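> All you need for our numbering is the position in the sequence shown, starting with 1, plus 84. Structure provided below as structure tokens; questions to follow.
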Amino acid sequence: MRDSLGTKPLPDSAESKALLRASGAVRQIERRLFLKQGLSLGALTLLTGCDVTDTGAVQSVLNGISRWNDRAQAAIFNSERLMPTYPESQAVKDFRYNAYFGENQIPKIDGASYKLNLSGLIDRRRPWTLPELYQLPQESQVTRHVCVEGWSMVGKWTGVPFRTFLQCIGADLNAKYVGFECADGYYSSIDMASALHPQTFLTFKISDEILAPRYGYPLKLRIPTKLGFKNPKWITAIFVTNRFPGGFWEDRGYNWFAGV
């Protein structure tokens with residue numbers, strides 16, 4: 085099965101098909117793309133005089149601008165610069181739910197049978213069970229989650245630094261990208277420099293409690309250096325690659341690097 089724009093294979097399951105057909109999901113996608121594309125086309129008209137009725141030419145120019153933006157953000161990214169942290173008293177307990185579908189469609193994941201699958205440029209590709217993941221050394225951070233829609237929240241997240249996990253599985257740390265696949269059909273990817281940033285975590289808890297399903301149980305990426313849509317929830321697979329993997333929103337026009 086492919087997603088609605090035919091960009092990347094999605095899990096061929098009744099659940100993922102239902103999610104992508106859901107009217108709530110469609111409305112969320114249309115609302116986000118209307119905001120983004122409206123701004124992009126307006127800027128394009130002013131800056132280039134491009135005929136916005138020529139959709140092929142418009143998309144070509146926008147793709148070029150987006151690729152340039154990605155390269156520029158990657159060039160100035162400082163893998164040692166830390167995002168601000170906050171006292172625990174500022175962490176929001178009832179963190180906002182955010183997805184392209186309603187809470188009644190949150191994936192139901194059985195922790196007892198859950199396995200995190202690994203592939204790509206990784207030496208030790210065996211699947212990881214949830215108890216094995218919980219045994220990894222864990223740290224906490226209180227950082228701000230910044231959504232592309234304009235809101236932000238401070239939360240306390242606990243998990244294993246992603247660098248530690250990548251080293252543990254023998255990932256090629258010189259590879260270009262790390263990709264994620266999720267139980268809801270979502271997919272995302274980040275550059276290796278961002279994956280190795282000290283504040284990038286695979287998280288198991290929020291506010292010192294095991295992630296509730298609405299927050300991504302059993303596994304969520306927390307990456308405060310990027311916008312919220314680069315923080316995938318309900319992760320079921322991780323892969324390392326030198327081939328550009330794209331992403332759910334990025335394949336629909338969003339900027340890929342998405343730095344904060």
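Positions of the beta carbon are idealized from the N, C-alpha and C atoms, including for glycine. What you are looking at is a predicted structure, and each value in this text was computed from that prediction instead of being measured.
1) With DSSP as the reference, label E164 as helix, strand or coil.
2) Does the region 229 to 240 touch the region 280 to 287, meaning 3 or more C-beta pairs lie closer than 8 Å?
3) Could you tell me which of L303, D335 and W340 sits nearest to L200, measuring between CA atoms?
4) For the beta strand (DSSP E) that contains L305, what are its first and last residues?
5) Leaving out five residues before and five after V176 in sequence, what residues of the same chain have Cβ atoms less than 7 Å from its Cβ?
6) Among L295, A267, T213 and F328, which residue has its Cα nearest to the Cα of Q189?
7) Give the secondary structure of P171 by DSSP, where H, G and I count as helix, E and B as strand, and everything else as coil.
8) How about G254 and R210: are their beta carbons less than 8 Å apart?
9) Rounded to a whole number of angstroms, what is the C-alpha to C-alpha distance between D155 and G300?
10) Going straight from the alpha carbon of R306 to that of Q283, what length do you get?
11) Can you tell me whether S278 is buried or exposed? The criterion is at least 16 other CB atoms within 10 Å of its CB, across all chains shown.
12) For I193 and S173, I'd like the C-alpha separation in whole angstroms.
13) Three or more C-beta pairs under 8 Å: does that hold for the region 215 to 224 against the region 161 to 168?
14) When the Cα atoms are used, what is the spatial distance from P297 to L311?
15) Please report the residue range of the alpha helix (DSSP H) in which P215 lies.
16) Measuring CA to CA, which of T320, P329, E233 and G243 is closest to M276?
17) If you compare alpha carbons, which of E233, I294 and G204 is closest to N403?
On the basis of the data shown:
1) coil
2) These segments do not touch.
3) L303
4) K304 to R306
5) M237, V238 and G239
6) A267
7) The answer is coil: DSSP assigns P171 none of H, G, I, E or B.
8) It is not a contact, given that the beta carbons lie outside the stated cut-off.
9) The amino acid at residue 155 is misidentified as Asp; the sequence shows Arg. Each residue's alpha carbon lies about 30 Å from the other.
10) 8 Å
11) buried
12) 31 Å
13) No: fewer than three Cβ pairs fall under 8 Å.
14) 21 Å
15) Looking at the DSSP string, the run of the alpha helix (DSSP H) that includes P215 is L214 to Y218.
16) P329
17) Nothing can be reported for residue 403: it is not among the residues displayed for the chain, which extend from 85 to 344.
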